[in-house]
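Every letter in the sequence shown is one number past the one before it in the numbering used here, and letter 25, counting from 1, is 25.
Every residue gets a Cβ at the ideal spot worked out from N, C-alpha and C, and that includes glycine.
Have a look at the structure below before the remarks.
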Amino acid sequence: MIPALMPTYNRADLAFERGQGSWLYAVDGRRFLDLGAGIATSSLGHDHPQLVSAIAQQAARVMHVSNLYRVPQAERLAARLVAASFADSVFFCNSGAEANEGMVKMIRRAQAHGGHPERTRIICFNGAFHGRTLAMLSATGNPKYLDGFGPVVEGFDHVPMNNMNAVRAAITPETAGIMIEPVQGESGVNIADPRFMQELRAVCDEFGLFLGMDEVQSGMGRTGRLFAHEWSGVTPDVLSTAKGIAGGFPMGAILATEAVAQYLTAGSHGTTFGGGPLACAAANVVLDVLLAPGFLNQVQTRGTQLAEVLDSLASEFPDLFAQWRGIGLMLGLRCLAPVALMQDAAMHEGVLTVTAGDNVLRLVPPLVLTEEDCAEAGRRLRRAALRLRAHQAAAAQNAENAA
């Protein structure tokens with residue numbers, strides 16, 4: 001018999017009752033260092049005083065009015081994002097997938113209203129993950145996610161990342177734009193080469209295409225810059241973000257230049273909940289923290305510290321780990337044993353992690369991770385590696401005995 005809550009997730013048998021900073025406390029009293037942050041979403045950690053206060057105060061005033069009326073909290077947030085980024089205008093929504101859907105719609109509409117209605121196709125990259133709506137499954141292109149949801153939505157072409165020849169070969173008179181994650185999270189924390197990003201900008205300019213950045217996971221301070229594309233010096237035409245934008249409150253956003261945004265006129269796109277007072281109150285606090293002097297530099301410092309932990313693990317346990325990769329606090333450790341075993345061993349030692357493709361253990365902790373948190377992560381992950389090594393040895397011995 002199917003449970004009341006649809007079984008669409010492979011949930012660990014673990015429930016939490018409270019959190020503090022980068023730590024979560026289970027209902028049975030156990031304490032866990034949260035290096036997953038709700039899949040890169042709890043950017044300010046747990047029980048952040050300013051965030052809690054802003055949400056509580058806004059909830060006590062008004063939570064929802066719809067977009068039939070002005071929302072001062074959204075107006076303020078949009079102005080601040082524009083001031084801090086390449087964008088001229090912002091659209092708020094509820095999730096990363098919704099932001100990506102909107103980004104594709106913006107690109108297509110800008111081409112159509114700019115005199116090129118034939119330009120509808122988007123070039124995407126192998127290893128991408130753009131969300132689980134029907135169109136974004138097709139943009140992602142991974143057969144694992146498409147199984148049973150066919151036919152695919154037309155309009156997306158896929159090429160290898162960091163391969164400019166493949167990009168040029170995929171461009172046709174029907175191409176409207178290119179959509180790329182500066183750091184692919186789901187497929188194993190793969191970074192787009194800065195030179196490749198610069199070449200994408202150049203080829204978009206050459207052919208009159210729009211460059212869209214999916215920064216659902218890599219944006220909002222995750223890599224030590226407000227947006228990851230800043231590391232390459234490349235300016236997109238449109239960008240999607242979500243996850244950490246409101247510190248765990250559901251929210252997404254599309255940031256765009258006027259060249260793209262000008263065509264999204266009244267009635268052309270919409271959302272019931274997007275840009276509501278409560279979500280924007282939370283997001284304004286997150287932006288307060290991210291834009292505070294020195295904060296993003298601190299994210300870079302913590303990222304370096306956590307990367308040193310991973311480097312040490314790879315050196316001490318070459319039988320278990322290959323190498324680490326990533327930037328800022330978006331890191332991955334490629335495992336030689338099944339990554340699920342390392343994730344389980346880490347959980348036994350009180351560390352929460354996230355898995356990714358290519359057998360990678362992903363670490364995307366709260367951006368407020370402390371120096372002591374990083375040191376504790378090193379101690380606990382080392383114990384987890386020893387646990388995994390013992391498990392591997394026992395399994396090998398059992399196999400030998402069985403033979």
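Going by the CB atoms, is the gap between Gly303 and Gly332 shorter than 7 Å? no
DSSP state of Asp205 mapped onto helix, strand, coil: helix
Taking C-alpha atoms, which residue in Gln20, Gly219, Ala399 lies nearest to Asp373? Gln20
Does the Cβ of Leu200 have 16 or more other Cβ atoms within 10 Å, making it buried, or fewer, making it exposed? With 16 or more Cβ atoms within 10 Å of its Cβ, Leu200 is classed as buried.
On the DSSP bridge list, what partners appear for Leu341? Looking at the DSSP assignment, Leu341 forms no beta bridge with any residue, so it has no partner.
Considering only C-alpha positions, which residue in the set Val360, Val260, Ala314, Thr241 is nearest to Ser95? Thr241
Among the candidates Val354, Gly114, Ala40, whose CA atom is the shortest distance from the CA of Leu264? Gly114
Drop a sphere of 10 angstroms on the beta-carbon of Lys144, count the other beta-carbons inside from all chains shown, and report buried for 16 or more, exposed for fewer. exposed
With 16 other CB atoms within 10 Å as the buried threshold, where does Ala403 fall? A residue is called buried when at least 16 other Cβ atoms come within 10 angstroms of its Cβ; Ala403 does not meet this threshold and is exposed.
Identify, in the order they occur along the chain, each residue of the same chain with its Cβ nearer than 7 Å to the Cβ of Glu118, setting aside the five sequence neighbours on each side. Hits under 7 Å: Pro173, Glu174.
Kindly list the residues whose CB is nearer than 8 Å to the CB of Phe207, restricted to its own chain and excluding five residues on each side of it in sequence; keep chain order. Excluding residues within five positions, the ones whose Cβ falls inside 8 Å are Ile171, Thr175.
Secondary structure of His113, DSSP reduced to three states: helix
Span of the beta strand (DSSP E) holding Glu17? 16-20
Residues bridged to Val183 by DSSP? Ile191
Kindly indicate the opening and closing residues of the alpha helix (DSSP H) around Gln57. 49-61
If Leu388 and Ala340 are in contact, beta carbons under 8 Å, what's the gap, nearest whole angstrom? 11 Å between Cβ atoms; not a contact.
Return the chain-ordered list of same chain residues with a C-beta closer than 7 Å to the C-beta of Ala283, the five sequence neighbours on each side being excluded. Taking Ala283 as the centre and dropping the five residues before and after it, the same chain places the C-beta of Leu77, Ile245, Ala246, Met251 closer than 7 Å to its C-beta, in chain order.
DSSP three-state label for Val391, please. According to the sequence displayed, residue 391 carries His and not Val. In this structure, His391 counts as helix in the three-state DSSP scheme.
Same chain, Cβ closer than 8 Å to Val286, neighbours up to 5 away in sequence not counted: Ser43, Leu44, Leu51, Met220, Gly244, Ile245, Ala246, Gly247
Below 7 Å between beta carbons: does that hold for Val428 and Arg380? Residue 428 lies beyond the range of the chain shown here (1 to 403); nothing can be said about it.
Assuming Leu35 contacts Leu363 (C-beta within less than 8 Å), just tell me the rounded distance between them. 5 Å
Skipping 5 residues on each side, what residues in its chain have a beta carbon closer than 8 Å to that of His64? Within the same chain, His64 has close Cβ partners Phe273, Gly276, Pro277, Leu278.
By the three-class DSSP mapping on this structure, what secondary structure does Tyr263 have? coil
Can you tell me whether Leu5 is buried or exposed, with buried defined as 16 or more other CB within 10 angstroms of its CB? exposed
Below 8 Å on the Cβ atoms is my contact criterion, and I expect Ser138 with Phe156 to pass it. Report the Cβ-Cβ distance as a whole number of Å. 5 Å
My output table needs one value for Gln323: the three-state DSSP class, helix, strand or coil. Three-state DSSP puts Gln323 in a strand.
Endpoints, alpha helix (DSSP H) assigned at Val299: 295-316
Does the beta-carbon distance from Ser89 to Ala256 come in below 7 Å? yes
Leaving aside the five residues before and after Ala37 along the sequence, list all residues of the same chain whose C-beta is less than 6 Å from its C-beta, in chain order. Val364, Pro365, Pro366
Residue range of the beta strand (DSSP E) that Glu215 falls in? 210-215
Leu369 versus Gly141, Ala15, Arg222, residue with shortest Cα-Cα distance: Arg222
What are the start and end residues of the beta strand (DSSP E) that includes Ser240? 238-241
Roughly how many whole angstroms lie between the Cα atoms of Gln198 and Asp214? Their Cα atoms are separated by approximately 16 Å.
Pull up the distance between the alpha-carbon of His116 and that of Gly131, whole angstroms please. 27 Å
Identity of the residues DSSP links to Trp231 by a beta bridge: DSSP lists no beta-bridge partner residue for Trp231.
Could you check the C-alpha separation between Leu310 and Phe317 for me, to the nearest Å? 10 Å
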